[in-house]
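> Chains A, B, C, D, E and F, in that order, give the protein sequences. If you want my numbering, it's the 1-based position in the first sequence plus 134. If you want my numbering, it's the 1-based position in the second sequence plus 134. If you want my numbering, it's the 1-based position in the third sequence plus 134. If you want my numbering, it's the 1-based position in the fourth sequence plus 134. If you want my numbering, it's the 1-based position in the fifth sequence plus 134. If you want my numbering, it's the 1-based position in the sixth sequence plus 134. Even glycine gets a Cβ: it sits at the ideal position worked out from N, Cα and C. Keep in mind that this is a model prediction, so the values were computed, not measured. I'd like to ask some things about the structure below.
6 protein chains.
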Amino acid sequence: MTQGITFLDAGQAVDCFLLIKTATKSIAVNGKPYLTLIFQDKSGEIEAKLWDASDGEVQKYQAETIVKVSGEIQNYRGRNQLKIKQIRPSTEQDAVQIQDFVQSAPLEKTEMADTITQFIFEMKNPNIQRITRHLLKKYHQPFLEFPAATKNHHEFVSGLAYHVVSMLKLAKAIADLYPSLDRDLLYAGVILHDLGKVIELSGPISTTYTVEGNLLGHITIMVNEIGKAADELQIQGEEVTVLQHIILSHHGKLEWGSPKLPLIKEAEILHYIDNIDAKMNMLDRTLERTKPGEFSEKVFALDHRSFYKPSFHK
Amino acid sequence: MTQGITFLDAGQAVDCFLLIKTATKSIAVNGKPYLTLIFQDKSGEIEAKLWDASDGEVQKYQAETIVKVSGEIQNYRGRNQLKIKQIRPSTEQDAVQIQDFVQSAPLEKTEMADTITQFIFEMKNPNIQRITRHLLKKYHQPFLEFPAATKNHHEFVSGLAYHVVSMLKLAKAIADLYPSLDRDLLYAGVILHDLGKVIELSGPISTTYTVEGNLLGHITIMVNEIGKAADELQIQGEEVTVLQHIILSHHGKLEWGSPKLPLIKEAEILHYIDNIDAKMNMLDRTLERTKPGEFSEKVFALDHRSFYKPSFHK
Amino acid sequence: MTQGITFLDAGQAVDCFLLIKTATKSIAVNGKPYLTLIFQDKSGEIEAKLWDASDGEVQKYQAETIVKVSGEIQNYRGRNQLKIKQIRPSTEQDAVQIQDFVQSAPLEKTEMADTITQFIFEMKNPNIQRITRHLLKKYHQPFLEFPAATKNHHEFVSGLAYHVVSMLKLAKAIADLYPSLDRDLLYAGVILHDLGKVIELSGPISTTYTVEGNLLGHITIMVNEIGKAADELQIQGEEVTVLQHIILSHHGKLEWGSPKLPLIKEAEILHYIDNIDAKMNMLDRTLERTKPGEFSEKVFALDHRSFYKPSFHK
Amino acid sequence: MTQGITFLDAGQAVDCFLLIKTATKSIAVNGKPYLTLIFQDKSGEIEAKLWDASDGEVQKYQAETIVKVSGEIQNYRGRNQLKIKQIRPSTEQDAVQIQDFVQSAPLEKTEMADTITQFIFEMKNPNIQRITRHLLKKYHQPFLEFPAATKNHHEFVSGLAYHVVSMLKLAKAIADLYPSLDRDLLYAGVILHDLGKVIELSGPISTTYTVEGNLLGHITIMVNEIGKAADELQIQGEEVTVLQHIILSHHGKLEWGSPKLPLIKEAEILHYIDNIDAKMNMLDRTLERTKPGEFSEKVFALDHRSFYKPSFHK
Amino acid sequence: MTQGITFLDAGQAVDCFLLIKTATKSIAVNGKPYLTLIFQDKSGEIEAKLWDASDGEVQKYQAETIVKVSGEIQNYRGRNQLKIKQIRPSTEQDAVQIQDFVQSAPLEKTEMADTITQFIFEMKNPNIQRITRHLLKKYHQPFLEFPAATKNHHEFVSGLAYHVVSMLKLAKAIADLYPSLDRDLLYAGVILHDLGKVIELSGPISTTYTVEGNLLGHITIMVNEIGKAADELQIQGEEVTVLQHIILSHHGKLEWGSPKLPLIKEAEILHYIDNIDAKMNMLDRTLERTKPGEFSEKVFALDHRSFYKPSFHK
Amino acid sequence: MTQGITFLDAGQAVDCFLLIKTATKSIAVNGKPYLTLIFQDKSGEIEAKLWDASDGEVQKYQAETIVKVSGEIQNYRGRNQLKIKQIRPSTEQDAVQIQDFVQSAPLEKTEMADTITQFIFEMKNPNIQRITRHLLKKYHQPFLEFPAATKNHHEFVSGLAYHVVSMLKLAKAIADLYPSLDRDLLYAGVILHDLGKVIELSGPISTTYTVEGNLLGHITIMVNEIGKAADELQIQGEEVTVLQHIILSHHGKLEWGSPKLPLIKEAEILHYIDNIDAKMNMLDRTLERTKPGEFSEKVFALDHRSFYKPSFHK
């Protein structure tokens, strides 16, 4: 089981440690309680039912508990489930820990931090450079640990930083081909565009929206932060308004939550770069589980399309 | 001519002072320059052509100049024009001044300021009260002079304050009928909702959008201002986020420029109050010029509808 | 249990009388029949299952039966259910009656009738007054008993009259602030706007749509009724067409079922008044069940939004 | 000039009688008045300018005057204009009359009336038959003279009756192929569907919308008329509601002015029949003026499409 | 049971042969496997559950197996189910065969082929005639057996040919009434419009989409085929492009999968004819199961509308 | 005047050679003919009027004539015009030629051809490589000369090839960053995506749409061409369908003319690459004419937005 729980087919036996992501108690048709458990490992999630759950079991099998499970994969209405045969909580002897079951970015945090620092270092406009550095420093710790979203793309530990690093590389490649682009604006836009998520979201694991996140959203949060940073750093040039505009408009459409459309070239391009990196992440992870000559599961954030993996791809 | 230039019918003679709002030089089909003048008085605007304009005339008849004009109203493609017979700039002896030709709110500035102060005084939540008072004080002067918009509704001197006063009265009437409403939030929302326009717009006369207005918009500007006010006043309760949300969402739809839909009852109601007062202003001013038994001009911001004035209305 | 069945939390015991709103027989996975019961009291509804229901039980527990139930509230997929421990039909000795379990308007019918009569009495235009009085008299009884809708807002006994009374008060408050409004048209519009629902809907309890309601709708029904009333009363002025237009257009948009947009000022304002009263009703009833610092259930007719009750609200 | 004014090409000389459809006085750039005249004959319309028009000429050349014109066709911005060389009002000796210049249906009124009577005669359901006959009789005269619309399709004298006759033939052909259709409903629907236009529109020539037409529309007008007819004829069966529904829903979509979608099979089919006959009329009249191998003018009511006439069509 | 399984009401006993359309194994709440079976006969489909299914039963009751079933119709959440009492696979002695349980067109294949041949024979333009005949011949066999769609309309054996025959008759009736139509284009368009479905779909029974169908669609497939046919037949006139355009545009809107709107009269009319025949098929089949005075099930492809069968229809 | 006619400001004198792009004869208000001339040089276009044009002048100054003009730039309604003082046709002695006045790609045709050949050379899948090479060879000449569009972006001589070369470089940069991408599909998609324009459009200069272009569009044309190429080259693998799908879907949305949404990863990415290169071309050319601190003209294909050039940009 090198690849993990989501790569198994119906009929395969399971005998491994898994992390309980959520545990929900319900009443079965026969009047007895049962638990719906969502297990996860680094490859993703799978659902299971624990029938006739005693009060003790309900107590034992809560979210963020690691368990040893044996059972079998079954297909139910087109989706895999795990049929539990045996289950027990892990013990100290098992020597397993939560981070072994949580997906995280494929790069180390220090490596990502170094890359981003290098991009900031290359900036020529001191106002843009100082604001970017100030805000990144202010939210350094959560920036390196938060996901980029609660679902759809980069929804894993350090997903936010990983998304930013990928986008920086793409921004550089595009700026090399279209030399009229202002690299300072583009890099600062990439680094700050989703930084408000460290306030919008609750944390790196079991991520939900905070009240401030729901009422204001990460875009407004970061636009405010740029304003405060400029005040603290006593920066007054047009760069402040321009940076705020780039963050404000990066969703690209009013109905996608940007109250202004991009009105600066680098704002328009930032929107495209964000889009490409997010979609590549979704597509790669979807097609990873699709066999050549078959259609994938429907991808929610890509208009529910099923993508085809050509049979001449391996 | 008690009512002003926009109430005259085709064929009527004109002999009065008018303010030049804009003057645009063009080349006629015969190759000679002419001026397109937009005149205004308190009742509104009318277009005129000054044919074969000499360089001296082009110099003399610029925007914000008061002139004495005699001529005749003519109808051209369904709209009135003024055919100029004689024109001269006003002199000191004429004793006319710009404010005589500019439409402004029907209430005095001090009266409006007093009314608003009274509403703030009645607030019970000190955090909401202090932030509102702080921001109103900070922008007191322009708030009392700016229009509420460049066109469509309340687009006159002190239109912003007048719109706020009308909305406060309507908010009070509604809160009297629906006692579950939080009056503090509602009044603060009304007072602050368009205050960002003092930065978004250029000034009370010949109003245009500033760069900051175009790139950020009055909603984002005021949400930032609330954040800064709270910092300066060292206020930290949830009231800050809630006030920001109410301003953020008051346009009521993403496609109308609010990046979040109203998620608080008072935010939803503020949107309705704003809408009613703006629409009543448009409708009253449109129907003022419509005869009983006839349809009005098309109203741009009301889906280009022509409204009917029933023949049993006087 | 002063507040009623919908205010209980999971884990609380239940021992009270309830009205069966609907009873549906189904076959369980073990092949045995069971009943899904929707109970209601004045506070609202709750679902329950009666497992292994015998033929006698199916016979006994039908819609509009009052029962004595003891059991416990349980949470199932985020919604409360009632787990039945004991159930029996009520007897004469229990001295309970259907109206004790049905939600109705917070005002008495006679009080509402008086208020509306007073508004009609104040009308100055005799044509408008006579048509309004004629139609109200014609449908007096059902008008005072019907709900204003089958769901979303004012969906309770006498909801229609209560909605009209609230709107009349709001119309009066608005007309006081905007004196150009024709109060006769506004009040007549409010009184008649949903009166067609007494034909569109089946009755005050277990309300469904009639065939005529489905095929024509309450708007068309009432427009026809106004025409017939004018014929019977031998009224021929433009008021007839104008009243018909105001009813026709009060949904405000073609896609919301008005075949003409409002083209008369009072028609436009009627639409806003209707909207505010309906939305206030929804919001109040939703937030009544929401704790400070939490988000409400999603409100279907408000774009599925969850509303936030600020933590500084009690 | 057998085909008429709209079939001439730029450069061709004109010397014929034409009817003035509209005459609009304007002021030229040189300050002198001129007239914009829309001439018409049976083939359609053409615009012309009468420069330096004296007061006498303005008086002489008003709408509904027949004139003798000589001049030349010129192309101005892709549209033909008539350059006037000589013009004079017609005299009695010229022996020309208005109906020679007005387009009308290609069938005689009596012939159309007979066809429709025959369809009514074939109806089997007495309620449907009596209502249809009653309403057709009530509006017999204008029904045979009115256009079916002010523009887009069948916008000529007797266009309404002609549209109905074509639709009846099409309805019969479709009912022959799909025998489950109720012919009575279908024929009654066809005959009554646009009959409200005799109240919505002002008359057969220079057609505009009446106040009642603007405020209620022909659909609501006719639904009311059906209700009144049923009352007068003391008919009470479900046929009345069903007929009203078919008229109400025949535009097929809420945003096209039907407050209910078709919910009866014949209502759905009536919408298709109406659509086909209207579109065939537009397409035939557009392509009549298009040469093989070329694209037509843009057709407003067909999404502004330019239609291609294949080069192998003659 | 003359009419078939879909015409039975809840409570009626069942004892007949049925074809298994699909069989899906699931795990019940008690942990035991069960089968969800979709049975079909010529009248349509019904669902059933086979509880506690042994491995042998899972093996025996697979798709495309004919079984003898006895049981009872039950209503579950508003839809009928079949409660199985006894079930066994059919044997040779039962003398039943798959085609007895599969719905197919009400006309014989040879009869349909003859009708279409006759229409081709009547074509006057040799280029259009040759291309049409060539393609029909190339795909003769599947054309006569395929359904016209996987759901919504004509989704039965030979549904494609039956749809074409109905449309040809309708096209002829319309061309008789509107003589300007080019019958050759219209008939060729009808015959070829959905012919690409023989490549887009998998076959006449248990029909799904092929990879080519998913990636290209029947419209593009047939446009390519017309191009290749013209090459093979060495036809070069504009007829080729025009025929391709008519197929390309026959869905009538970009969002319905036509990359070009109809720009030729016959293309526009083909779209209407296709629409009428598809909708009549849906409506007839839906209303066949609806009692007079009741509303039908919701029809997915007609905006989820429920259609009403008037109570005066039998 | 190194930069060309479009870079001059109002008031500047003009004395240079220009190419007449279009010449339109009209009748002035004084009844005399005049010419509206659109002049062009490599920098773009400017309008001018030639008043009181004699028949000889109309004859002399036709499209594609080079003229010597002196005059002055004037601003008319916010757009520059050229006021002609003197004009004469160029003579042989002037030694000017059309290509000096026509904008073309900034790279040489041979250089672009070499680059593309190199990309094809790098392909690994022989089926994809052979089809791409075959089609490029078939349309080699027009491919190197056609514009990529008639307006909006790359609407200049060799614009198509230049667009392809830029996209190939961008595709390579993206494939370097996201190694899961199939470079063969991506490069073939880039090279072929707009190749159908050599049939859809009329030619490199004064470009319009052909009949085939209007009726089928470049997408359908190229999908057909791929099918024919595969037949000629006797290639049958899934690569053919996949390549056709990538071209078919590259507009990304049904309403933008792709009858299928992208269902293959490289199809989705091709759409983004096409979009970025087109938008960068529009933005660069628009902002080239915009001064720092100002807003640009509205860009039609970018939602009519005016873009801002920050004042800290030079």
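Against chain E, which members of the segment 344-366 of chain C pass a CB distance test of less than 8 Å?
Residues Val345, Asn348, Leu349.
> Tell me Leu335/A's beta-bridge partners as DSSP assigns them.
Looking up residue 335/A in the first sequence gives position 201. The partner list for Leu335/A (beta bridge, DSSP) reads Tyr343/A.
> Closer than 9 Å by beta-carbon distance: list the chain A residues that pair up with Thr375/B, in chain order.
Walking along the second sequence from the start, residue 375/B turns up at place 241. Residues of chain A passing the Cβ test: Val345, Glu346, Leu349, Leu350.
> Would you call the segment 389-398 of chain D and the segment 394-412 of chain E touching, i.e. three or more CB-CB distances under 8 Å?
With a cut-off of 8 Å, the segment 394-412 of chain E and the segment 389-398 of chain D do not count as touching, because too few Cβ pairs lie within range.
> Note the first and the last residue of the continuous alpha helix (DSSP H) segment covering Ala412/A.
By 1-based counting over the first sequence, the position of residue 412/A is 278. Element bounds for Ala412/A: 399-421.
> Along chain A, in chain order, which residues have C-beta atoms closer than 8 Å to that of Gly330/B?
As a first step, residue 330/B must be located in the second sequence, where it is residue number 196. Near Gly330/B there are no residues of chain A at all, since even the closest Cβ is about 12 Å away, more than 8 Å.
> Could you check what DSSP says for Glu256/F in three-state terms: helix, strand or coil?
For the purposes of this step, residue 256/F is identified with residue 122 of the sixth sequence, where counting begins at 1. The answer is coil: DSSP assigns Glu256/F none of H, G, I, E or B.
> Judging by CA-CA distance, which residue of Ser177/B, Leu184/B, Thr225/B is the nearest neighbour of Ile218/B?
By 1-based counting over the second sequence, the position of residue 218/B is 84. Of Ser177/B, Leu184/B, Thr225/B, the residue nearest in Cα terms is Leu184/B.
> Hey, does Phe235/A have any beta-carbon neighbour from chain F nearer than 9 Å?
Taking the first sequence and counting its residues from 1, the one referred to as residue 235/A is at position 101. Not closer than 9 Å to any Cβ of chain F, the Cβ of Phe235/A fails to qualify, so no.
> Bridge partners for Glu206/A per DSSP, in chain order?
Taking the first sequence and counting its residues from 1, one reaches residue 206/A at position 72. Per DSSP, Ala147/A, Lys217/A.
> Hey, Leu350/D and Lys394/C are a contact pair by Cβ (cut 8 Å); roughly how many whole angstroms apart?
Position 216 of the fourth sequence, counted from the first residue, corresponds to residue 350/D. Position 260 of the third sequence, counted from the first residue, corresponds to residue 394/C. Contact flag correct, Cβ pair sits at about 7 Å.
> Quick one: measure Cβ to Cβ for Leu216/A and Val192/A, integer angstroms, because I've assumed they're closer than 8 Å.
For this step, residue 216/A is matched to residue 82 along the first sequence. For this step, residue 192/A is matched to residue 58 along the first sequence. Between Val192/A and Leu216/A the Cβ distance is about 18 Å, and since that is not below 8 Å, they are no contact.
> For Asn177/D, which residues from the same chain have a beta carbon less than 7 Å from its beta carbon, with the 5 sequence-adjacent residues on both sides left out?
Reading the fourth sequence from its first residue, position 43 is the one you call residue 177/D. Sequence check: residue 177/D is Ser here, not Asn. Once the five neighbours on either side are set aside, the close Cβ partners of Ser177/D are Gln137, Gly138, Ile139, Thr140, Phe141.
> What residues from chain F crowd round His379/E, counting only those whose CB sits closer than 8 Å?
Here residue 379/E corresponds to residue number 245 of the fifth sequence, with the count starting at 1. Per Cβ cutoff of 8 Å: Leu349, Leu350.
> Distance, Cα to Cα, His297/D vs Thr158/C?
Numbered from its first residue, the fourth sequence carries residue 297/D at position 163. Numbered from its first residue, the third sequence carries residue 158/C at position 24. Their Cα atoms are separated by approximately 52 Å.
> For Ala435/A, count neighbouring Cβ atoms within 10 angstroms of its own Cβ and tell me buried if that reaches 16, exposed if not.
Against the first sequence, residue 435/A aligns to sequence position 301. When all chains shown are included, Ala435/A counts as exposed.
> Below 8 Å on the Cβ atoms is my contact criterion, and I expect Leu367/F with Ser383/F to pass it. Report the Cβ-Cβ distance as a whole number of Å.
Sequence index remark: in the sixth sequence, residue 367/F carries index 233 (1-based). Sequence index remark: in the sixth sequence, residue 383/F carries index 249 (1-based). Contact doesn't hold; Cβ gap of about 23 Å is too wide.
> Can a CB atom of chain C be found closer than 9 Å to the CB of Lys425/E?
Taking the fifth sequence and counting its residues from 1, one reaches residue 425/E at position 291. For Lys425/E, the answer is no, since every Cβ of chain C falls outside 9 Å of its Cβ.
> Taking all protein chains shown into account, do 16 or more other C-beta atoms lie within 10 angstroms of the C-beta of Pro444/D, making it buried, or fewer, making it exposed?
As a working mapping, residue 444/D is identified with position 310 in the fourth sequence. Answer is buried; the Cβ neighbour count reaches 16.
> Does the beta carbon of Ala435/C sit closer than 9 Å to a beta carbon anywhere in chain D?
Position 301 of the third sequence holds residue 435/C. Chain D, which has no Cβ nearer than 9 Å to the Cβ of Ala435/C, makes this no.
> Judging by CA-CA distance, which residue of Gln146/A, Phe151/A, Asp143/A, Ser160/A is the nearest neighbour of Ala144/C?
On the third sequence, position 10 is the one that residue 144/C refers to. Measuring from the Cα of Ala144/C, the nearest candidate turns out to be Ser160/A.
> Can you pull the chain E neighbours of Asp316/D, defined as C-beta to C-beta under 7 Å?
In the fourth sequence, the residue the question calls residue 316/D occupies position 182. The answer, in chain order, is His447.
> Once the 5 residues before and after Gln146/B are set aside, which same chain residues still bring their CB inside 6 Å of it?
For the purposes of this step, residue 146/B is taken as residue 12 along the second sequence, with counting starting at 1. Taken in chain order, the residues that qualify are Ile207.
> Could you tell me the distance, in whole angstroms, from the CA atom of Phe255/C to the CA atom of Leu278/C?
Residue numbering aside, residue 255/C sits at position 121 when the third sequence is read from its first letter. Residue numbering aside, residue 278/C sits at position 144 when the third sequence is read from its first letter. Each residue's alpha carbon lies about 18 Å from the other.
> Whole angstroms are fine: how far does the CA of Leu329/D sit from the CA of Lys202/D?
Position 68 of the fourth sequence holds residue 202/D. Position 195 of the fourth sequence holds residue 329/D. Approximately 37 Å, taken between the alpha carbons.
> Let me check understanding here. Comparing Cα to Cα, which of Ala305/C, Met356/C, Ile262/C, Asn209/C lies closest to Ile407/C?
Numbered from 1 along the third sequence, position 273 holds the residue referred to as residue 407/C. When only C-alpha atoms are compared, the closest one is Ala305/C.
> Suppose you measure from the CA of Thr420/E to the CA of Ala309/A; what does that come to, to the nearest Å?
Here residue 420/E is taken as the residue at index 286 of the fifth sequence, counted from 1. Here residue 309/A is taken as the residue at index 175 of the first sequence, counted from 1. Rounded to whole angstroms, Thr420/E to Ala309/A spans 59 Å at the Cα level.
> Comparing alpha-carbon positions, which option in Leu294/A, Gly205/A, Lys166/A lies nearest Asp411/A?
As a position in the first sequence, residue 411/A is number 277, starting the count at 1. Looking at the Cα atoms, Leu294/A is the closest of the given residues.
> Since Lys159/D sits in a beta bridge, which residues does DSSP pair it with?
Position 25 of the fourth sequence, counting from 1, holds the residue named residue 159/D. In the DSSP output, where bridge partners are listed per residue, Lys159/D has Leu169/D.
> Could you check which residue in Gln196/E, Arg264/E, Asn259/E has the C-alpha nearest to that of Ala364/E?
Locating residue 364/E in the fifth sequence gives position 230, where the first residue counts as 1. Minimum Cα distance to Ala364/E is reached at Arg264/E.
> Report yes if the C-beta of Glu256/C is less than 8 Å from at least one heavy atom of the ligand FMN; otherwise report no.
Inclusion of the ligand FMN in the displayed structure is not the case, the ligand content being empty and no account of it being possible.
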